[in-house]
Ligand SMILES: C[S@@+](CC[C@H](N)C(=O)[O-])C[C@H]1O[C@@H](n2cnc3c(N)ncnc32)[C@H](O)[C@@H]1O
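In this note's numbering, the protein residues as written are 7 to 484.
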């Protein structure tokens, strides 16, 4: 540190620089947006703290140096010290090009500092935003990441601490980006090194590829709508929406959901950026496991309430009803083209499912889910039952949720999940909540279901790695 002066263009209240101790404050030059923060910095004895909007224009802030206003480059020359930028810039948006943190980076580069110590979203290195770092020609002296929750007490996303150096360090290579993963040790309250993850920014995004296949194959009869928020599959009347689930792309919709079901935001679990394999490398075993899994996991929101559910996996024999009780979807033959395309063949989900060969673990999930369907149909407690009630309808009924009371989003073009939240006081369908709503004698049916679903989820996670689809093993199953 004795060779440097430090400049922070978004210093806030100077927490980063405060760590260097009292004697170093004279070498710290801080500018920030809010005058109130400047006042706090002054109270902390940062004499070189000024108010400055760093993104307002091309200018650099001018600090008083021996009575003269000078920019930081000039001050570093006069001090005969190298220039180190330290910053934790503000973020905006999801890593898009206009993200403020990138704008800060692009502007400090113009000062040609010797070192830049930069906090940023780790995802900047996994997205196109990496091009700005490459363009800078700075080398990487170190790159570590952890969770913003432990680092900054924010929510769960990956935050990197990168040290860029003008001369020393590794050249940034898009094909091989090593990032060291740290985790907070609760006892010592220190971040500890766990492992190095290597990312390849150049290759392929499996999820985007599947989305493209879905779009290219959205002919056939419309069944519903998919969302790319967390890959819910829903039945929707709104025909103008783009993300159509049809009889021809259904298998890819189920695949998408069944390989990307994690809702845990902690360590890349929800990020589709770590899916890097080609769709053609997905083995049929993994493909079919994913299809089965997605039928019985949350977000599978086909409903038979107020609409017709055509995604009923079980046969009439299995359910114990008459064959004609189960929905079959007939093509809407209003246009000649539709007739030609669909060959006028009705869609029966049982027939659709029969084309796949399922693993033992997938069959186990199917059978354990069937027990839940049978339990529901046998039980008089649940009213207004229909043989076509979906997994979603049945689990809602069991948990005491009335889906007719769900709010519907009113934005016309909103492609997100069309129903929001649940009714107050009811719990989600899960291992820990089921005991509140069913008799203890019936609990084994549900325990068995959750157990078989976990087994299949673990298998899918393992196969994603084996088939080279997922870059890293997930740290959290769901
Ligand atoms: C993530 S915080 C960094 C906090 C800082 N390290 C601290 O110790 O308080 C980002 C800071 O950048 C400031 N900021 C936001 N936009 C700015 C701008 N255009 N110019 C300068 N500072 C800005 C915010 O006011 C905030 O204090």
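Where a beta carbon is used, it is the ideal one built from N, C-alpha and C, also for glycine.
Among the options, nearest to residue i - alpha-carbon criterion
| i | options | result |
| --- | --- | --- |
| residue 81 | 447, 156 and 68 | 68 |
| residue 557 | 198, 442 and 113 | The chain is shown from 7 up to 484; residue 557 falls before or after that span and cannot be answered. |
| residue 135 | 85, 21 and 107 | 107 |
| residue 381 | 167, 132, 445 and 44 | 445 |
| residue 199 | 153, 49 and 126 | 153 |
| residue 87 | 74, 94 and 78 | 78 |
| residue 454 | 311, 156 and 374 | 374 |
| residue 83 | 71, 92, 94 and 93 | 71 |
| residue 478 | 213, 204 and 262 | 204 |
| residue 17 | 45, 9 and 207 | 45 |
| residue 351 | 366, 335 and 38 | 335 |
| residue 482 | 252, 273 and 62 | 273 |
| residue 259 | 371, 213, 196 and 360 | 213 |
| residue 299 | 464, 331 and 249 | 464 |
| residue 23 | 311, 229, 52 and 356 | 52 |
| residue 220 | 285, 441, 73 and 141 | 285 |
| residue 280 | 407, 209 and 263 | 209 |
| residue 182 | 162, 194 and 131 | 131 |
| residue 91 | 37, 76, 313 and 143 | 37 |
| residue 459 | 57, 471 and 437 | 437 |
| residue 317 | 337, 353, 327 and 304 | 353 |
Collapsed DSSP secondary structure at residue i in the structure displayed
| i | result |
| --- | --- |
| residue 422 | For residue 422, the predicted model reports a pLDDT of 48, less than 50, meaning its position is unreliable and no value from the coordinates is stated. |
| residue 126 | strand |
| residue 76 | strand |
| residue 21 | helix |
| residue 257 | helix |
| residue 333 | coil |
| residue 328 | coil |
| residue 49 | helix |
| residue 444 | coil |
| residue 291 | helix |
| residue 132 | coil |
| residue 281 | strand |
| residue 301 | helix |
| residue 61 | coil |
| residue 262 | helix |
Rounded Cβ spacing between residue i and residue j (contact assumed at less than 8 Å)
| i | j | result |
| --- | --- | --- |
| residue 308 | residue 388 | At roughly 18 Å, the Cβ-Cβ gap does not stay under 8 Å, so residue 308 and residue 388 are not in contact. |
| residue 362 | residue 467 | Residue 362 to residue 467, Cβ: 20 Å. No contact. |
| residue 59 | residue 287 | At roughly 49 Å, the Cβ-Cβ gap does not stay under 8 Å, so residue 59 and residue 287 are not in contact. |
| residue 278 | residue 266 | 6 Å |
| residue 176 | residue 146 | 5 Å |
| residue 232 | residue 325 | So it is not a contact: roughly 26 Å between Cβ atoms. |
| residue 165 | residue 128 | 7 Å |
| residue 11 | residue 117 | Wrong, their Cβ atoms sit about 12 Å apart, outside the cutoff. |
| residue 462 | residue 368 | 6 Å |
| residue 405 | residue 435 | 5 Å |
| residue 225 | residue 254 | 5 Å |
Extent of the continuous alpha helix (DSSP H) run through residue i
| i | result |
| --- | --- |
| residue 450 | 449-472 |
| residue 405 | 397-405 |
| residue 187 | Where residue 187 is concerned, there is no enclosing alpha helix (DSSP H), although the beta strand (DSSP E) it sits in stretches over 183-191. |
| residue 374 | 366-384 |
| residue 200 | Unbroken run through residue 200 is the beta strand (DSSP E), 196-205; no alpha helix (DSSP H). |
| residue 88 | No alpha helix (DSSP H) contains residue 88, which is instead part of the beta strand (DSSP E) from 88-93. |
| residue 138 | 136-142 |
| residue 286 | Careful: residue 286 lies outside any alpha helix (DSSP H) and carries neither H nor E. |
| residue 108 | 106-115 |
| residue 221 | 212-222 |
Segment limits, beta strand (DSSP E) that includes residue i
| i | result |
| --- | --- |
| residue 270 | That residue, residue 270, is in no beta strand (DSSP E); it is neither H nor E in DSSP. |
| residue 13 | 10-14 |
| residue 69 | 69-71 |
Strand pairing of residue i, partner residues [DSSP]
| i | result |
| --- | --- |
| residue 230 | 251 |
| residue 307 | 240 |
| residue 37 | 56 |
| residue 151 | 166 and 187 |
| residue 353 | 335 |
| residue 145 | 171 |
| residue 363 | Residue 363 pairs with nothing; no bridge assigned. |
| residue 483 | None; residue 483 has no bridge partner. |
| residue 176 | 146 |
| residue 44 | Answer is none; residue 44 lacks a bridge partner. |
| residue 160 | For residue 160, which the question treats as bridged, DSSP gives no partner whatsoever. |
| residue 476 | 281 |
Short CB-CB distance (under 8 Å) between residue i and chain B
| i | result |
| --- | --- |
| residue 166 | No chain B appears in this structure, which consists of one protein chain only. |
Residue i beta carbon near ligand 3 (any heavy atom closer than 7 Å)
| i | result |
| --- | --- |
| residue 39 | Inclusion of ligand 3 in the displayed structure is not the case, the ligand content consisting of ligand 1 alone. |
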